[in-house]
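Going line by line, the protein sequences match chains D and S.
Counting from 431, one number per residue, gives the positions in the first sequence under the working numbering.
Counting from 85, one number per residue, gives the positions in the second sequence under the working numbering.
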Amino acid sequence: MFRPFEKISRTTVLIMVSIQVIVLLSIWQSFPAGLIPSPLRIGEALGGLLASSLLWDNVLVSLLLTLKALFFSVVITLLFSYLSVVPFFRPFAQFIVKCRYLTLTGLIFIFTLLTRDGSQLKLSLLVFGIVPFFTTSFMSVIVHTNAQEFELCQTLGYGRWQSLYEVIIVGKADQVFEIVRQNFAIAWMMITMVEGLSMSEGGVGTLLIKYNKYNDLVHVMALQAVIFGLGLFFDHLLGRLRHWLFPYVKL
Amino acid sequence: MTIYSKGETLLQVKDLSLIYDNKCILRDINFSIEDIIRPGIQQGQVVSLIGRSGIGKTQLFRTLSGLQKPDRGQILVRESRPWSLRPVHAGDMGVIFQNYYQFGWRTVEQSLMLAAHQNKGLMGREAEAILEYAAQFDLSDVLKRYPRQLSGGQQQRVSIIQQLLKGSDFLLLDEPFSGLDVCVLDKVVNLLLKVSLSHEFKTLIIVSHDIVTTVAISDTVFILGKQDGVEGSTIVRSIDLMERGLAWQPNVQEEKAFGETIREIKACL
């Protein structure tokens, strides 16, 4: 367990991580009571939150917005990334990649002018925030495509569009899924930020802002734990889904 | 002595030169492959291109397959209707890469189907043809598997079937014997001979540095080498094994003339 590159069983990993978590929480609990709430108090607040419909209603709102944003982001990313192999469209994809250096805060007013309501504003900001990261990851996958994949297409007598379909669209479908999985975290992280811009529809971001406003750190931490847990759950779910849809990736 | 004659030209390489990074890699390559006619037999052609490592065999392989354009000269292949020679395009030749590359996201059956769909002659009976080939090449059990689940030998056979299903008369093989153990080597040799007998115009071009195995199954040998004081490799010697009575002999390696031919080839390298 303490040697480099040592392989350990799943059960050992589970026991080891459980012990590490317990030890860390115990150390945290043993700190003198101050501004930072203790794990036990957070646990109590978490129990209360989990039992309330307030949490689940807000989680549902955030999840729906995230999924909607992911869907539009994936569509836009794929469209521009697939087209990036055509020289005419490559600058568009390259520009999107560079857009990841833009800050959302400076663009909120522009987006407010361009959108009709708070719902659209949140969605468009999320999509704008996610697409450059998705496109950067997928463009990297396309650029690093093994040349032999195209050569095999050529030897099979494929045309260029046929090669694009086989190598990039079909051949990289599993990697699109992996990119979505990896970047889900970005969307989930941004959701709390954009929800603060239009609070009427609710969402975990709105809830966090409310608790923060009243300095209710116990509930802020409990909500962070929920957000963290949901993030891990979706990460695992998307990973499982990828293995199920593309069985060859685990070979 | 086996009776044979030579018919139409199937492939012609004319004054081919290839420059890479301002350095001449291949220079003035000229050779042609003719249809070999043997009474009562569908006899294809097996031609070997032999040369030392780093001599430019792979570049010549890529150029012949149409994957790389030569800087000078041309490669002409047989056009069946009307009977004529035309410049080679990528896709004209079946290519079997040294690492038997296959799409990792396709099962064997799907990969073979992709190739079969490219063959107009198989229209409507692609699945049937795949099953036939799979049975013939002992791959029926692995049709639902992905390339990563196959052994090296199975991957090689899948690559060969894929290119056969595509329907090309030419089959280019890059180092098909490299890294094979003795038992598998015999199987591969028999497999290639079987392919060469499957059609009159079927032409196997084997690029290899394994002289003994390659020459044993070939009817013609072209040796790629360098000439003193001149940059770039060229065909320094061609040997007609049919003329020497060394083609199509099952135990050719035991013959004295075979040993002499191998020594002659080695001297040219």
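Just so you know, even glycine gets a beta-carbon here, dropped at the ideal spot from N, CA and C.
(message) On a Cα-Cα basis, can you pick out the residue from S:Q311, S:Y104, S:D119 that is closest to S89 (chain S)?
(response) The count along the second sequence starts at 1 and reaches residue 89 (chain S) at position 5. Of the residues S:Q311, S:Y104, S:D119, the one whose Cα lies closest to the Cα of S89 (chain S) is S:D119.
(message) With distance defined between alpha-carbon atoms, name the residue in D:P462, D:R611, D:E474 nearest to L667 (chain D).
(response) For the purposes of this step, residue 667 (chain D) is identified with residue 237 of the first sequence, where counting begins at 1. Closest option to L667 (chain D), Cα to Cα, is D:R611.
(request) Measure how close the beta-carbons of S302 (chain S) and I290 (chain S) come, nearest whole angstrom, since I'm counting them as under 8 Å. (result) If you number the second sequence from 1, residue 302 (chain S) lands on position 218. If you number the second sequence from 1, residue 290 (chain S) lands on position 206. About 7 Å; that satisfies the 8 Å criterion.
(message) Using only CA atoms, which one of S:L95, S:V296, S:P123 lies nearest to N335 (chain S)?
(response) Taking the second sequence and counting its residues from 1, one reaches residue 335 (chain S) at position 251. Checked all of S:L95, S:V296, S:P123; the closest Cα to N335 (chain S) is S:V296.
(message) Check whether chain D comes within 8 Å of Q233 (chain S), counting only Cβ atoms and requiring the distance to be less than that.
(response) Here residue 233 (chain S) is taken as the residue at index 149 of the second sequence, counted from 1. True, the Cβ-Cβ gap to chain D drops below 8 Å.
(request) Taking A213 (chain S) as the query, report the chain D residues whose CB atoms sit under 7 Å from its CB, ordered along the chain. (result) Your numbering for residue 213 (chain S) matches position 129 in the second sequence. Here the premise fails: no neighbours, minimum Cβ distance about 15 Å.
(request) Anything in chain C within Cβ reach of Y595 (chain D), meaning under 9 Å, just list it in chain order. (result) Considering every chain present, this structure includes no chain C. Its protein chains are D and S.
(request) Put Y104 (chain S) into one of helix, strand or coil per three-state DSSP. (result) Here residue 104 (chain S) corresponds to residue number 20 of the second sequence, with the count starting at 1. Of the three classes helix, strand and coil, the one that applies to Y104 (chain S) here is strand, per DSSP.
(message) Please return the same chain residues whose Cβ sits closer than 8 Å to the Cβ of L479 (chain D), not counting the five positions on each side in sequence.
(response) For the purposes of this step, residue 479 (chain D) is identified with residue 49 of the first sequence, where counting begins at 1. Excluding five sequence positions before and after L479 (chain D), the CB atoms of its chain that fall closer than 8 Å to its own CB belong to L485, H649, A652, L653, V656, given in chain order.
(request) Can you tell me which of S:I346, S:G313, S:C352, S:K340 puts its alpha carbon nearest to the alpha carbon of R321 (chain S)? (result) On the second sequence, position 237 is the one that residue 321 (chain S) refers to. Of the candidates S:I346, S:G313, S:C352, S:K340, the one whose C-alpha sits nearest the C-alpha of R321 (chain S) is S:C352.
(message) Taking CB distances under 8 Å as the criterion, tell me whether V600 (chain D) reaches chain S.
(response) Taking the first sequence and counting its residues from 1, the one referred to as residue 600 (chain D) is at position 170. So yes, V600 (chain D) belongs to the interface.
(message) For D258 (chain S) and L144 (chain S), what's the separation of their Cα atoms in angstroms?
(response) Numbered from 1 along the second sequence, position 174 holds the residue referred to as residue 258 (chain S). Numbered from 1 along the second sequence, position 60 holds the residue referred to as residue 144 (chain S). Note on geometry: alpha-carbon atoms of D258 (chain S) and L144 (chain S) lie some 10 Å from one another.
(request) Could you tell me whether the Cβ of A200 (chain S) comes closer than 8 Å to any Cβ of chain D? (result) Along the second sequence, one-based indexing puts residue 200 (chain S) at 116. Put simply, the CB of A200 (chain S) is far from chain D, with every gap to its CB atoms at 8 Å or more.
(request) Determine the extent of the beta strand (DSSP E) in which K310 (chain S) is found, giving its start and end residues. (result) Counting from one through the second sequence, the residue named residue 310 (chain S) turns up at place 226. Here the beta strand (DSSP E) through K310 (chain S) covers 304-310.
(request) Assign T287 (chain S) to one of two classes, buried (16 or more other C-beta atoms within 10 Å of its C-beta) or exposed (fewer than that). (result) For the purposes of this step, residue 287 (chain S) is identified with residue 203 of the second sequence, where counting begins at 1. Label assigned to T287 (chain S): buried.
(request) Starting from the beta carbon of G178 (chain S), find every residue of chain D whose beta carbon is closer than 8 Å, and list them in chain order. (result) Along the second sequence, one-based indexing puts residue 178 (chain S) at 94. The answer, in chain order, is T585.
(message) With a threshold of 8 Å on Cβ separation, who are the neighbours of G661 (chain D) within its own chain once the five nearest residues in sequence on each side are excluded?
(response) Taking the first sequence and counting its residues from 1, the one referred to as residue 661 (chain D) is at position 231. Excluding residues within five positions, the ones whose Cβ falls inside 8 Å are F614, A615, W618.
(request) Just tell me which of S:S317, S:D253, S:R232 has its CA closest to the CA of K141 (chain S). (result) Position 57 of the second sequence holds residue 141 (chain S). The candidate whose alpha carbon is nearest that of K141 (chain S) is S:S317.
(request) Could you tell me if the beta carbon of T496 (chain D) falls within a distance shorter than 7 Å of some heavy atom in the ligand FAD? (result) Because no ligand of any kind appears in the structure shown, any question about the ligand FAD cannot be addressed here.
(request) Inspect the beta-carbon positions of L221 (chain S) and D253 (chain S) and report whether they are closer than 8 Å. (result) The count along the second sequence starts at 1 and reaches residue 221 (chain S) at position 137. The count along the second sequence starts at 1 and reaches residue 253 (chain S) at position 169. What sits at residue 221 (chain S) in the sequence shown is Phe, not Leu. No, the Cβ-Cβ distance between F221 (chain S) and D253 (chain S) is not below 8 Å.
(request) Confirm, please, whether the CB-CB distance from R229 (chain S) to T191 (chain S) is below 8 Å. (result) Within the second sequence, residue 191 (chain S) is the residue found at index 107, counting from 1. Within the second sequence, residue 229 (chain S) is the residue found at index 145, counting from 1. T191 (chain S) is a Cβ neighbour of R229 (chain S), given a cutoff of 8 Å.
(request) Decide yes or no for the touch test of the segment 325-343 of chain S against the segment 168-176 of chain S: beta carbon pairs closer than 8 Å, at least 3 of them. (result) The segment 325-343 of chain S vs the segment 168-176 of chain S: no contact.
(message) Taking its Cβ as the centre, do 16 or more other Cβ atoms sit within 10 Å of Q459 (chain D), making it buried, or is it exposed?
(response) Taking the first sequence and counting its residues from 1, the one referred to as residue 459 (chain D) is at position 29. With fewer than 16 Cβ atoms within 10 Å of its Cβ, Q459 (chain D) is classed as exposed.
(request) Can you say whether S132 (chain S) is buried or exposed, counting buried as having 16 or more other CB atoms within 10 angstroms of its CB? (result) For the purposes of this step, residue 132 (chain S) is taken as residue 48 along the second sequence, with counting starting at 1. The residue is buried, with at least 16 neighbouring Cβ atoms inside 10 Å.
(request) Take M197 (chain S) and list the residues in its own chain whose beta-carbon comes closer than 7 Å to its own, dropping the five residues that flank it on each side. (result) Residue 197 (chain S) sits at position 113 when you count from the first residue of the second sequence. Answer for M197 (chain S): E210, I214, listed in chain order.
(request) Tell whether a beta-carbon distance below 8 Å holds between S511 (chain D) and A499 (chain D). (result) Position 81 of the first sequence, counted from the first residue, corresponds to residue 511 (chain D). Position 69 of the first sequence, counted from the first residue, corresponds to residue 499 (chain D). No.
(request) For K602 (chain D), I'd like the list of residues in its chain whose CB is within less than 6 Å of its CB, leaving aside the five on either flank, ordered along the chain. (result) For the purposes of this step, residue 602 (chain D) is taken as the residue at position 172 of the first sequence. Within the same chain, Cβ atoms closer than 6 Å to the Cβ of K602 (chain D) are found at V571, the five residues on either side in sequence being excluded.
(message) Let me confirm a value: C267 (chain S) is counted as buried when at least 16 other C-beta atoms fall within 10 Å, else exposed. Which label applies?
(response) Translated into the one-based positions of the second sequence, residue 267 (chain S) becomes position 183. Taking every protein chain shown into account, the CB of C267 (chain S) has fewer than 16 other CB atoms within 10 angstroms, so this residue is exposed.
(request) Assign G635 (chain D) to one of two classes, buried (16 or more other C-beta atoms within 10 Å of its C-beta) or exposed (fewer than that). (result) What you label residue 635 (chain D) is simply residue 205 of the first sequence in a count that begins at 1. So G635 (chain D) ends up on the buried side.
(request) Under 7 Å between beta-carbons, which chain D residues line up against F181 (chain S)? List them in chain order, please. (result) Position 97 of the second sequence, counting from 1, holds the residue named residue 181 (chain S). Result: Q578.
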